[in-house]
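Below: the structure, in structure tokens.
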Amino acid sequence: MSRSRSVVTRGAVAGVLAASAIVVFFLVVDLARGEVLRTPSFLAAVLLGLEEGAIGPVGVGAYTILHYVVFAGIGIGMAWVLDRLLAPATLLLGVVVGFLLFDAVFYLGLALTGVDIVDVIGWPSFLAGNLIGGLVLAASLERTGGAPRRSWREVVAEHRVVREGVIAGLLGGLAVAAWFFVVDLGIGRLLYTPGALGSALIMGVDSPSGVEVTPLTVMGYTAIHFGGFIAMGLVFAALVARAEENPPLLMGLTLLFVTFETLLLGLVAILAAWLLDVLPWWSIALSNLVAAAVMAIYLWRAHPGLGGIRWGDVEDGGGPGPEPDRG
């Protein structure tokens, strides 16, 4: 069997197993609630734009087939990526996939149908089902891998930009989290900030009275928070790496810094202006400034060659100039 066919087969099998695990999980959940096949019936109704009571065996069957096809595709995609990286499908990766599936269904459901699928089904069971699916997917890919694998540490170590971007993003995210933890602690509202932001982003709350500081809002926002910072860290790291060879990129990096500083505050004002009534704008701005400074310091220290770049190099496009003659 060719390598490409092996990847497709492994991925498809892993996807089918993951889909089956989720089907069995929700079958048990629905039986425990006394509502047999309620979950697939509801999801089929959402996809078809029908009332839940109008869905019969054909609708449930059609949704089930789609469910398996989607997971087979996810499995093939994961198998291909892991094969290219020669990386292992660890259980940690399975957990990450489970959370990504949870977020994807939530946001796609709202965007495409306007229905909060997670809220209707219940976030604890929905998250548990997706985590089980992610773990089964990763376990299957790990068992059928066969070829020698490298640890994720080895994979990341070979990609400096990825390593530095992830570290910079985590440092920036931790800086902001620590800032608001201290602010919330000082005013006697522990974890209020991530709870408020999570309520706005995940639950669509539109006023301070609707804020809920729960595991869903806090952990959900935290995942989004660190995901965003890691993405920004990767962009920063890529620009810094190129700036050592192409100094004019430092100008772009400076502009990106300013954009980063204003973007998050602008997003808050656009998406949930009421948050500015409970989270002072200066507090948000300072937290972003601290995060950007922490990320910049880390990347600057990781690239000591940037210290030899003069402002003239940035303007004329040259590399680091020669040391001045001190003789």
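Heads up, the sequence shown is in the numbering used here, so the first residue is -4 and it goes up one at a time.
Ideal placement from N, C-alpha and C gives every residue a C-beta, glycine not left out.
Going along the chain, which residues of its own chain have a beta-carbon closer than 6 Å to the beta-carbon of residue i, five neighbours each way excluded?
i	result
Y293	A163, L166
V3	I71
F224	G164, G167, G168
A286	G167, A170, V171
A9	G70, L132, S135, L136
Only counting the same chain, and skipping five residues up and downstream in sequence, which positions put a Cβ closer than 7 Å to that of residue i?
i	result
L122	F97
V273	A191, P203
S194	V200, G205, V206, E207, T212
T217	P189
Could you spell out where the alpha helix (DSSP H) holding residue i opens and where it closes?
i	result
W276	276 to 297
V31	Taken as a continuous stretch (DSSP letters only), V31 belongs to no alpha helix (DSSP H), as it is neither H nor E.
L270	270 to 273
Using the beta-carbon count (16 or more within 10 Å), is residue i buried or exposed?
i	result
I50	buried
V76	exposed
A226	exposed
H154	exposed
G117	exposed
W295	exposed
G6	buried
A288	exposed
W174	buried
L45	exposed
L132	buried
A14	buried
G300	exposed
Residues in its own chain within less than 8 Å of residue i by CB, not counting five upstream and five downstream?
i	result
V161	V151, I225, G228, L229
(request) Output the residue ranges of the alpha helix (DSSP H) runs that lie fully inside the stretch 181 to 222 and measure 4 residues or longer, sorted by chain position. (result) Counting whole runs of 4 or more residues, the stretch 181 to 222 contains the alpha helix (DSSP H) stretches 187 to 197.
(message) I'd like to know if the stretch 108 to 119 and the stretch 26 to 41 are in contact, where contact means that at least 3 CB-CB pairs between them fall below 8 Å.
(response) yes
(request) Inspect the CB distances between the stretch 87 to 95 and the stretch 59 to 68 and report whether three or more fall short of 8 Å. (result) no
(message) Quick check for students: name the residue ranges of the alpha helix (DSSP H) that lie wholly in the stretch 50 to 127, counting only runs of 4 or more.
(response) 52 to 80, 86 to 108, 112 to 116
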